[in-house]
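2 protein chains.
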Amino acid sequence: MKNLLVAQSGGPTAAINATLVGVLQGVRANGKVDQVYGAKNGIEGVMKDQLIDLNSILQDTKAMDTLTYTPSSALGTCRYKMKDWQVDEEPYKRIIETFRKYDIKYFIYIGGNDSMDTVDKLSNYCKSENYDFIIMGAPKTIDNDLNSTDHSPGFGSAAKYIATTVSELSCDIGAYDIPAVTIVEIMGRNAGWLTAAAALSRANGHPGADLIYLCEKPFDTTGFIQDVKEKLAQKAGILIAVSEGIRDSNGTYISEHTSSNAVDNFGHKYIAGAARALEQLIRSEIGCKVRSIELNLMQRSAAHITSETDIIESLMLGQKALSCALDQETGRMASIRRISDVPYRVEFISVPVSEVANHEKLVPLDWITPDGHDITEEFIAYLKPLIQGETNIKYNNGIPVHMKLY
Amino acid sequence: MKNLLVAQSGGPTAAINATLVGVLQGVRANGKVDQVYGAKNGIEGVMKDQLIDLNSILQDTKAMDTLTYTPSSALGTCRYKMKDWQVDEEPYKRIIETFRKYDIKYFIYIGGNDSMDTVDKLSNYCKSENYDFIIMGAPKTIDNDLNSTDHSPGFGSAAKYIATTVSELSCDIGAYDIPAVTIVEIMGRNAGWLTAAAALSRANGHPGADLIYLCEKPFDTTGFIQDVKEKLAQKAGILIAVSEGIRDSNGTYISEHTSSNAVDNFGHKYIAGAARALEQLIRSEIGCKVRSIELNLMQRSAAHITSETDIIESLMLGQKALSCALDQETGRMASIRRISDVPYRVEFISVPVSEVANHEKLVPLDWITPDGHDITEEFIAYLKPLIQGETNIKYNNGIPVHMKLY
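Each protein sequence line maps, in turn, to chains A and B.
The first sequence begins at 1 in the working numbering and counts up one residue at a time.
The second sequence begins at 1001 in the working numbering and counts up one residue at a time.
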């Protein structure tokens, strides 16, 4: 009874399969696990007995490489919040049933806050019932909002995509000599880490983003219009990066400012994003050419421009999670501790998953400049190492090669 | 009096600077031009006497390489439509004045339909006035709607970005097991070439785009809902690609269907895109999870994933335009003639610019499948060579290196 089950959960990233491969590499290297299974669609697949045999891929070095650079969760994903077992024990029983059916000893769950909550609850349940199953977490989220890890795998690649895209967009915008504003909306309901990555677009001395607003600070529309006017007085085309979750001082999402009363022909409310709301605002308050851009799912799935640092760390976290599991650690998460920015040095550790579950790590307010529309040098020093290095993506027929596990 | 002036115009692309570099490479190689200037912001910069000295870059091989892979128009761009000289001769006189001031003999204008109209009018004006200035055009447009050339430089790179992105998005969408529709809106008001490139997302056997609607065929919303329901019966997550310019049988843009009556708090009309309109439609008619994505300016500025074929052809067209100019050709455009699909073979020729100016090349209707929601194998054979090959982009500080000329 030394079989292993691995699953993925939450919003996909461009690096989550690298962590899966890290687990498989570890299994391959140490020979301490008999059979390896993957659950389809996270914990739901465990409950529904939907397991995939991963043993055959273990011998296939090329397939493991292709999987490393395949975006999204190759095992499928879910959004499932477990209730306490005192409230509803049934899901827990079904999970244990599957574990027993396949002789699973080790379960590694790759995911974000909600998934770490599952790891926490499930490991506590096992302890209380005296089951000796080992439940380990491995982190992932492009949002970088996980507690007790210096940063989250998947974030660096999303940040590299954002920095590159904003740099390219600034070239596009800079070609025109008429006053125009372009607003780029970046993922992050509560945490502005990804939006801050827009600042890295200036890394090579190019203009990049002119104004950057994170959701951690209340968004003042009057001050915003003033900021835009000042920038427009200096140059023709300006580029603004905003978090999707920017809110005013009352806590109302800026995206609700314009969408609340707008209805279409069918009487349905419009759900506009933050950038679209600001587009409307600039059109009415300034009247210049204005365009809004949402980086949408591309920022989490652009595997063709992953950060080498991120991919290697994601692999390492999979290996670390496995290593901890084999050392009989349970209810913990593999994690990154930063030793230094320059040179960039990290170590891989494990932390109690209870520190991670249901917490959200926000950008420290003193990493936002006092004027509220940029980030500090200290923040850039934190971000910069995470997007370094390019990956050797394999192309076939002109597009990157991706892998399907089912 | 053997100086040369080059300028760029219209919507930027990821390959338009490669054509500029092609012109400069030609100058560097043949030594038949004394001085090289670039006009800022296209023909407007010629009229306003805003010229940039490009001689220094000629000796800098590394800078030429960086410029090749810099997105957007490094010389700046404009949207300027010249009136006939019989109606307003003033702009023509100002252009000739600049030519004389800088001893310009050769003028090469890189652009799309409107820019070729400028080349046509200006060359005819010179002929009628017996001026011996040489006016040559070099094509560019991501839209691929230029007449008298097999395809347009810039299109292949945009198509590669679209095929790659749709492939990555299909991985993301495929990770969920709940019914969901994702609609990707792709540039093209009248021509669906770019939207068709979404079909190349399936090149490696992955699902890619499930339904593809080009703007050349009237868009039937009832049939569309039926198509979506049929696909949803087969799989959970489906991916749809549509041209921004899809219209119903009355010629009304689908984007106007929902936006016409919707107003925000200020009473401003909403300008929704086609995908957003279809998102509303699916929400009301099917009621499943639905998301719309606009590839927006990224599809024309994503220089980090340019097509090697496109970049090399773009360089060659700049060299060809120069070569024709030195052979005293005027009022013509450098162009690509395809010899075969497999192996992919082309030759570079020149065509009368009057064949190109103010024309729009649409997708042949028999390249759209009879069911109206896909493209034919013949079309794929046309598209496929254009996205082949990857370019060796230089990175610094984690993002691609771009060049500024002013």
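Cβ atoms here follow ideal geometry from the backbone N, Cα and C, with glycine treated the same way.
task: Indicate whether at least one CB of chain A lies closer than 7 Å to the CB of B/Leu1051.
output: no
message: Can you confirm whether B/Asn1397, when its beta carbon is compared against all beta carbons of chain A, has any partner nearer than 7 Å?
response: yes
message: For chain B, check one thing: does any of its Cβ atoms lie closer than 7 Å to the Cβ of A/Phe266?
response: Low per-residue confidence applies at A/Phe266: pLDDT is 46, beneath 50, and the placement is therefore not dependable enough to give any value.
message: When you compare the CB of A/Ser73 with every CB in chain B, is at least one pair closer than 7 Å?
response: yes
B/Tyr1382, enclosing beta strand (DSSP E) - first and last residue: Per DSSP, B/Tyr1382 belongs to no beta strand (DSSP E); it is in the alpha helix (DSSP H), Glu1377 to Leu1383.
- request: Examine the Cβ distances between the segment 1105-1124 of chain B and the segment 1053-1070 of chain B and report whether three or more of them are shorter than 8 Å.
  value: no
task: Answer yes or no: does any C-beta atom of chain A fall closer than 7 Å to that of B/Asn1392?
output: no
task: Specify whether the segment 1006-1018 of chain B and the segment 1039-1048 of chain B touch according to this definition: at least 3 beta carbon pairs, one from each stretch, less than 8 Å apart.
output: yes
query: In chain order, what residues of the same chain have a beta carbon less than 6 Å from the beta carbon of B/Val1046, not counting five sequence neighbours either side?
result: Ala1039, Ile1095 and Thr1098
- request: Let me know if B/Pro1218 comes out buried or exposed under the rule of 16 or more other beta-carbons within 10 Å of its beta-carbon.
  value: exposed
- request: Keeping to the same chain, check which residues put their C-beta closer than 8 Å to that of B/His1027; ignore five residues upstream and five downstream.
  value: Per the sequence presented here, residue 1027 of chain B reads as Val, with His not at that position. The residues are Leu1004, Val1033, Val1036, Leu1058 and Leu1322.
query: Tell me which same chain residues have a C-beta within less than 6 Å of the C-beta of B/Ala1209, skipping the five on either side of it?
result: Val1166, Ala1198, Ser1201, Leu1239 and Ala1241
- prompt: Taking the Cβ atom as the reference point for each residue, do B/Gly1156 and B/Ile1339 lie within a distance shorter than 7 Å?
  reply: no
- request: Measure from the alpha carbon of B/Ser1335 to the alpha carbon of each residue in B/Glu1185, B/Ile1162, B/Gly1112 and B/Ile1225, then state which is nearest.
  value: B/Gly1112
field: Same chain only: Cβ atoms within 6 Å of B/His941, ignoring 5 sequence neighbours per side
entry: One cannot answer for residue 941 of chain B here, as it falls past the ends of chain B, which runs 1001 to 1406.
message: Beta carbons nearer than 7 Å to chain B: which residues of the segment 203-229 of chain A have them?
response: Ala203, Asn204 and His206
- prompt: Can the beta-carbon of A/Pro139 be found less than 7 Å from the beta-carbon of A/Met316?
  reply: no
Three-pair Cβ contact test at 8 Å for the segment 1374-1384 of chain B versus the segment 143-156 of chain A: no
- prompt: In chain A, which residues lie with their C-beta within 7 Å of the C-beta of B/Leu1297?
  reply: Leu169, Asp172 and Ile293
field: Residues of its chain near B/Leu1214, where Cβ-Cβ distance is below 7 Å and the 5 sequence neighbours each way are ignored
entry: Gly1192, Thr1195, Ala1196, Ser1243, Val1363 and Ile1368
- prompt: Mind checking A/Ala381: buried by the 16 CB within 10 Å criterion, or exposed?
  reply: exposed
query: Where in the segment 278-330 of chain A do unbroken runs of the beta strand (DSSP E), each at least 3 residues long, occur, reported from the N-terminal end onward?
result: 289-294
Cα-Cα separation between B/Ile1286 and B/Thr1221, rounded to whole angstroms: 12 Å
field: Start and end residues, beta strand (DSSP E) containing A/Glu44
entry: Unbroken run through A/Glu44 is the alpha helix (DSSP H), Gly42 to Met47; no beta strand (DSSP E).
message: Quick check on the DSSP output: the beta strand (DSSP E) that includes A/Gly137 runs from which residue to which?
response: Ile134 to Pro139
- prompt: Short check: CB of B/Ile1254 to CB of B/Ala1274, under 7 Å?
  reply: yes
task: Flag this pair as yes or no: are the beta carbons of A/Leu152 and B/Cys1171 separated by less than 7 Å?
output: It is worth fixing the name first, because residue 152 of chain A is Ser in this sequence and not Leu. For A/Ser152 and B/Cys1171, no; Cβs fall outside 7 Å.
query: Taking Cβ-Cβ distances shorter than 7 Å, what residues in chain A pair up with B/Asn1130?
result: Result: empty, since nearest Cβ-Cβ is about 34 Å, beyond 7 Å.
message: If we define contact as Cβ-Cβ less than 7 Å, is A/Ser314 a contact residue for chain C?
response: The structure shown has no chain C; the protein chains it does contain are A and B.
- prompt: Closest to A/Arg345 by CA distance: which of A/Ala325, A/Asp150, A/Pro179 and A/Ala74 is it?
  reply: A/Asp150
Exposure label - B/Gly1205; buried when at least 16 CB within 10 Å: exposed
query: Taking 7 Å as the CB-CB limit, is A/Gly26 close to chain B?
result: no
Alpha-carbon spacing of B/Gln1280 relative to B/Lys1121, whole angstroms: 45 Å
message: Can you tell me whether B/Leu1365 is buried or exposed? The criterion is at least 16 other CB atoms within 10 Å of its CB, across all chains shown.
response: exposed
query: By a C-beta neighbour count over all protein chains shown, 10 Å radius and 16 as the cutoff for buried, is A/Ala158 buried or exposed?
result: buried
message: On the DSSP letters alone, give me the boundaries of the beta strand (DSSP E) that A/Thr414 sits inside.
response: Outside the shown range of chain A, which is 1 to 406, sits residue 414 of chain A, and nothing can be said about it.
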